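Enquirer: Got a structure here, written out as structure tokens. Questions coming.
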Amino acid sequence: MAKQNMVILYGTWTIPYVKRVELTLKVKDLRNKSPMLLKLNPIHKKVPVLVHNGKAITESLVIIEYIDETWKTGPRILPQDPYKRSQIRIWASYIQQVNEAMVMVLKTIGEAQENAIKEVSEKVKLLEAGLKGLFPDGIPSVDEYSKNVTLLDLVILANLGGYEAQEGVLGVKIIDSEKTPLIVSCITALIELPAVKESWMPDEKVVAFLKFFRENALNSAAA
-4 MAKQNMVILY GTWTIPYVKR VELTLKVKDL RNKSPMLLKL NPIHKKVPVL VHNGKAITES
56 LVIIEYIDET WKTGPRILPQ DPYKRSQIRI WASYIQQVNE AMVMVLKTIG EAQENAIKEV
116 SEKVKLLEAG LKGLFPDGIP SVDEYSKNVT LLDLVILANL GGYEAQEGVL GVKIIDSEKT
176 PLIVSCITAL IELPAVKESW MPDEKVVAFL KFFRENALNS AAA
């Protein structure tokens, strides 16, 4: 493969911001066009970092847009229509708030956790309402997603795709088919994409990591 096509992604699968970039590379089918490496980077203090032709790009959302603009193969991650593109960006950025609230649920117990659950539930409810506006005819099918996956879809999958594992660790349902049918439908359809399915982590591995993360966070808080 030509040297000018070299792409290296530094990160680890446990970080959603890394996972969303990895999913973008797979959906764009770059794994067959560029030598890639997914590994923990001991030098950079922040991941993900995408290195393309020796130039480093940081911040997951910036990286995804860079990939979309640099490689025209596969689906366009950002719509051509300016208004649709702006809405996709807004809700993709909003999921950062959802993720931060979800992390607080994992790191806390008692009243603090109850407050965190209430906060994340409200944020997820708002996201569900946002999806209704974006997809008035319902979430796309697997076949439709195979031709058109957006930035928002990838961010939802990377950040919320492990909701069943989180439920198993916490014993609390925040995302389910009754309360958040569009979010669940989106995740379910995206996981069926071949590019996603081949690299999707089994629930038991995600559960083990979340238990480890929660135990360390609670121990640190108690120290």
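Numbering (this note's numbering) for the sequence shown: -4 to 218.
Ideal Cβ positions, reconstructed from N, Cα and C, are used throughout, including at glycine.
Note that the coordinates shown come from a computational prediction; the quantities given were computed from them, not determined experimentally.
1. Out of Val2, Val98, Ile59, which has the shortest C-alpha to C-alpha gap to Leu155?
2. Any contact of the region 185 to 192 with the region 48 to 56, i.e. 3+ C-beta pairs under 8 angstroms?
3. Should Gly133 go down as buried or exposed, given a rule of 16 or more other Cβ atoms within 10 Å for buried?
4. Just list the residues that DSSP pairs Thr53 with in beta bridges.
5. Where do the ends of the alpha helix (DSSP H) carrying Leu205 lie?
6. Taking C-beta to C-beta, are Leu20 and Leu149 nearer than 7 angstroms?
7. Could you check what DSSP says for Val2 in three-state terms: helix, strand or coil?
8. Between which residues of its own chain and Glu106 is the CB-CB distance below 6 angstroms, once the five residues before and five after are set aside?
9. Taking the beta carbon of Val57 as the centre, do at least 16 other beta carbons fall within 10 Å, making it buried, or is it exposed?
10. According to the Cβ coordinates, are Leu146 and Ile62 closer than 7 angstroms?
11. Just confirm the distance between the C-beta atoms of Leu25 and Trp66, as a whole number of angstroms; I'd bet it's less than 8 angstroms.
12. Compute the Euclidean distance between the alpha carbons of Glu95 and Lys168, then round it to the nearest angstrom.
13. Compute the Euclidean distance between the alpha carbons of Thr103 and Val22, then round it to the nearest angstrom.
14. Give me the Cβ distance between Ile3 and Val46, rounded to the nearest whole Å; I'm assuming they're in contact under 8 angstroms.
15. Could you check the C-alpha separation between Ser194 and Lys200 for me, to the nearest Å?
16. Alpha carbon to alpha carbon, how far is Gln92 from Pro11? Give it in angstroms, no decimals.
Expert: Answer, in terms of the structure:
1. The sequence position of residue 155 within the sequence shown is 160, counting from 1. Residue Val98 is the option with its Cα nearest to Leu155.
2. no
3. Indexing the sequence shown from 1 puts residue 133 at position 138. Its Cβ having fewer than 16 others within 10 Å, Gly133 is exposed.
4. As a working mapping, residue 53 is identified with position 58 in the sequence shown. DSSP lists Val44 as partners of Thr53.
5. In the sequence shown, counting from the first residue as 1, residue 205 sits at position 210. Start and end: 198 to 217.
6. Position 25 of the sequence shown holds residue 20. Position 154 of the sequence shown holds residue 149. Not closer than 7 angstroms, so no.
7. Along the sequence shown, read from residue 1 onward, the residue named residue 2 stands at position 7. Strand, per DSSP.
8. If you number the sequence shown from 1, residue 106 lands on position 111. None.
9. By one-based count along the sequence shown, residue 57 stands at place 62. Val57 should be labelled exposed.
10. Start at 1 with the first residue of the sequence shown, and residue 146 comes out as number 151. Start at 1 with the first residue of the sequence shown, and residue 62 comes out as number 67. Not a contact, by the Cβ cut-off of 7 angstroms.
11. Mapped onto the sequence shown, residue 25 falls at position 30. Mapped onto the sequence shown, residue 66 falls at position 71. Yes, they are in contact, since the Cβ atoms of Leu25 and Trp66 sit about 6 angstroms apart, within 8 angstroms.
12. Locating residue 95 in the sequence shown gives position 100, where the first residue counts as 1. Locating residue 168 in the sequence shown gives position 173, where the first residue counts as 1. Looking at the two C-alpha atoms, the distance is approximately 17 angstroms.
13. Within the sequence shown, numbered from 1, the residue matching residue 103 stands at position 108. Within the sequence shown, numbered from 1, the residue matching residue 22 stands at position 27. So the two alpha carbons sit approximately 35 angstroms from each other.
14. Counting from 1 along the sequence shown, the entry for residue 3 is found at position 8. Counting from 1 along the sequence shown, the entry for residue 46 is found at position 51. Confirmed, Cβ separation roughly 4 angstroms.
15. Within the sequence shown, the letter at position 199 stands for residue 194. Within the sequence shown, the letter at position 205 stands for residue 200. For Ser194 and Lys200, the distance between alpha carbons rounds to 13 angstroms.
16. In the sequence shown, counting from the first residue as 1, residue 11 sits at position 16. In the sequence shown, counting from the first residue as 1, residue 92 sits at position 97. For Pro11 and Gln92, the distance between alpha carbons rounds to 13 angstroms.
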